[in-house]
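Asker: Residue numbers (our numbering), protein chains in the order written: chain A, 1485 to 1812; chain B, 19 to 340.
Each residue gets a CB set at the ideal place from its N, CA and C atoms; glycine is no exception.
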């Protein structure tokens, strides 16, 4: 099997879903061939194949983009809306939170809202305070939405197909720094179910629960610590909300220790929710307090050394793992 | 403009009175304390809603607001389901989980009722986009007030609808108040419909209290949208004859405004037109009697209906919980 990048994986997943179902269409800023197929080229080549009605390049109008996706979904279509960068969701939160997430419930199940909202973000590329934030916790706090993020190309392909299949809104977060990652191509039709975590590395001493780009950091640190005799289990949530509680709790019951890790800022983050849940449900198995690691509680800074200092540090992760297992 | 046919006039009259009798009944129940829920009165705006719904086909889509009783009942939501929802009963359109501000009934094309001013406007574009994508020939009509024309989503949606020539009718019911704020205190431009020109869109201003003006205008707008020529912004001038919501103070409305409203009340004007077109008093009264009987039966059905099961709070969150 050939290798594919995450960019190719996402493009292939969208392409095959559009080929299979005429109701699947994309809308967003700059997504068609005339504009270059999207700023990160995820929809490259698709408007040539499916026409400009199914790859709709939109004005810079996030509220109108999400509103249109919602309306089309209510009429039975399966829109994939692109919000170019995750911070721009601030423009259209009413449509996502008050409408997309709630229309199934408020209508008593009559109007499910199957939309995929693709969005990109990531710290480490010098985009500064308004183009870098991981805002998954905002959506994880709202009933009626799936929040998904892949950490590798194969999962990206499989999660995107499952997101398009889903009969509810899915916030699909892509990390800029992960677009170039390569995996063996899992092939057409491949799906990773929503709500199912992956054990990215098995271990016995501590469970490291993370998702997205920080899975790479977690695996690197876990590999280094293996040489020092510390066995770290790395859980890649893949779906952040509603998350795979069963896999997380089973891992913690096995290891007796846990750390949550995310790029998003630490206070009130998803890690806090997961840590609280572990302490409620695995108290008798715990050998140490659950620790949380996240980004610095400030805006993402511009200067490279500041930005690098802002990100959760691998050295800190290693130290906290050692402290937790009592080998600091 | 051709004269409205007698058949269509009767249709508009019937829908208008259905809206009006529903509004009167709702206020009566609230006054009597038999019901205690949020209700946004539509007194004064009955004709605009009725004319708009009469200009649509049964399978056309509608998006409306919390002040959407007019669109909902005039489009034809079965009365028992409508009252069931307003009373929070299991028999309601949404099993009692939506309520007066979120009535949804896809069977009659009522796709979204939003409680957020202006938020339905961008959603209407999506319904229109689906119709454009799959060629089903439907028109989507979205109703909102003058206050909604100042929210950002209005501007975004107008521009996008015209860009794609979507089959959408934007119906601004200019009832002269945005919540408690008079038109002149929230908007300096003299009207809303002229904004259409700024988007390259067709705009129509019409007297919403005159059936001979408002019905033909709605028909023209719907036909324009359906023919593929693109969206239309209709500004129907009307009056909100009561406060923002039932029970709210409206002493802020100046006396001269109240006098102007009373003089322009669409209901006596409509009855006059009906009589001019050779409908008899007894024919018109019989229609209202029939509507009253239907409403009374529906209200009783809703009052007697069971409450939703408590475990409904866990259902319909995601498909997995359906």
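Just to confirm, is the Cβ distance from residue 1735/A to residue 1683/A under 9 Å?
Answerer: Their beta carbons are under 9 Å apart, which means residue 1735/A touches residue 1683/A by this criterion.
Asker: Give me the residue from 1504/A, 1501/A, 1536/A, 1498/A with the minimum Cα distance to residue 1514/A.
Answerer: 1536/A
Asker: Taking any Cβ of chain B, which residues in the segment 1650-1675 of chain A have a Cβ under 8 Å from it, in chain order?
Answerer: Flagged, chain order: 1650, 1651, 1652.
Asker: Under the DSSP definition of a beta bridge, which residues are partnered with residue 160/B?
Answerer: 81/B, 188/B
Asker: Quick one: using the 10 Å Cβ neighbour count with 16 as the cut-off for buried, is residue 34/B buried or exposed?
Answerer: buried
Asker: My output table needs one value for residue 1591/A: the three-state DSSP class, helix, strand or coil.
Answerer: In the three-state reduction of the DSSP assignment, residue 1591/A falls in the coil class.
Asker: Applying the 10 Å Cβ sphere with the 16-neighbour rule, what's the burial state of residue 328/B?
Answerer: exposed
Asker: Below 8 Å on the Cβ atoms is my contact criterion, and I expect residue 155/B with residue 186/B to pass it. Report the Cβ-Cβ distance as a whole number of Å.
Answerer: With a Cβ gap of about 13 Å, residue 155/B and residue 186/B do not count as contacting.
Asker: Cβ of residue 1605/A within 9 Å of Cβ of residue 1616/A?
Answerer: yes
Asker: What residue range is occupied by the uninterrupted beta strand (DSSP E) comprising residue 1604/A?
Answerer: 1600-1605
Asker: Please name the residue in 1618/A, 1568/A, 1629/A whose C-alpha comes closest to that of residue 1586/A.
Answerer: 1629/A
Asker: Go ahead and label residue 85/B buried or exposed: buried means 16 or more other beta carbons lie within 10 angstroms of its beta carbon, across all protein chains shown.
Answerer: It is buried - the Cβ of residue 85/B has at least 16 other Cβ atoms within 10 Å.
Asker: Considering only the beta carbon of each residue, do residue 192/B and residue 169/B sit closer than 9 Å?
Answerer: Not a contact, by the Cβ cut-off of 9 Å.
Asker: Give me the Cα-Cα distance between residue 1720/A and residue 136/B, rounded to the nearest whole angstrom.
Answerer: Residue 1720/A and residue 136/B have their C-alpha atoms roughly 40 Å apart.
Asker: Alpha carbon to alpha carbon, how far is residue 1707/A from residue 120/B? Give it in angstroms, no decimals.
Answerer: Each residue's alpha carbon lies about 53 Å from the other.
Asker: Where do the ends of the alpha helix (DSSP H) carrying residue 172/B lie?
Answerer: 170-182
Asker: Classify residue 1786/A: buried if its beta carbon has 16 or more other beta carbons within 10 angstroms, exposed otherwise.
Answerer: exposed
Asker: I'd like to check one pair, residue 1791/A with residue 1468/A: are the Cβ atoms closer than 9 Å?
Answerer: In the structure as shown, chain A begins at 1485 and stops at 1812. Residue 1468/A is therefore absent and cannot be evaluated.
Asker: Using DSSP's beta-bridge definition, name the partner residues of residue 1487/A.
Answerer: As a beta-bridge residue in DSSP terms, residue 1487/A pairs with 1668/A.
Asker: Have a look at residue 51/B and residue 30/B and give me their C-alpha separation to the nearest angstrom.
Answerer: 32 Å
Asker: If the cut-off is 9 Å on Cβ atoms, which residues from the segment 137-150 of chain B count as contacting chain A, listed in chain order?
Answerer: 137, 138, 139, 140, 141, 142, 143, 144, 145, 146, 147, 148, 149, 150
Asker: Taking 9 Å as the CB-CB cut-off, is residue 183/B touching chain A?
Answerer: no
Asker: If contact is defined by three or more beta carbon pairs under 8 Å, each pair taking one atom from either stretch, is the segment 269-282 of chain B in contact with the segment 203-220 of chain B?
Answerer: no
Asker: When you compare each of 1784/A, 1540/A, 1523/A, 1691/A to residue 148/B by their alpha carbons, which one comes out closest?
Answerer: 1540/A
Asker: Hey, how far is the Cα of residue 258/B from the Cα of residue 1762/A?
Answerer: Near 55 Å, if we compare the C-alpha coordinates of residue 1762/A and residue 258/B.
Asker: So who's on the other strand from residue 1695/A, going by DSSP bridges?
Answerer: DSSP lists no partner for residue 1695/A.
Asker: Is it buried or exposed, residue 1695/A, if we count other Cβ atoms within 10 angstroms and call 16 or more buried?
Answerer: buried
Asker: Which value, in whole angstroms, describes the spacing of the CA atoms of residue 1725/A and residue 1624/A?
Answerer: 5 Å
Asker: Are the CB atoms of residue 1749/A and residue 1613/A within a distance shorter than 9 Å?
Answerer: no
Asker: From what residue to what residue does the alpha helix (DSSP H) around residue 1533/A run?
Answerer: 1530-1534
Asker: What in chain B is Cβ-close to residue 1593/A, meaning under 8 Å?
Answerer: 113, 333, 334, 340
Asker: At what residues does the beta strand (DSSP E) containing residue 1743/A begin and finish?
Answerer: Run containing residue 1743/A: 1742-1749, per the beta strand (DSSP E) assignment.
Asker: Kindly say whether residue 1813/A, judged by its beta-carbon, lies nearer than 9 Å to any beta-carbon of chain B.
Answerer: This structure gives no information on residue 1813/A, because the portion of chain A shown stretches from 1485 to 1812.
Asker: Buried or exposed for residue 1807/A, going by 16 or more other Cβ atoms inside 10 Å?
Answerer: exposed
Asker: Only counting the same chain, and skipping five residues up and downstream in sequence, which positions put a Cβ closer than 8 Å to that of residue 1681/A?
Answerer: 1719, 1720, 1721, 1722, 1723, 1727, 1728, 1731, 1732
Asker: Got a sec: is the Cβ-Cβ distance from residue 1579/A to anything in chain B below 9 Å?
Answerer: So, interface residue.
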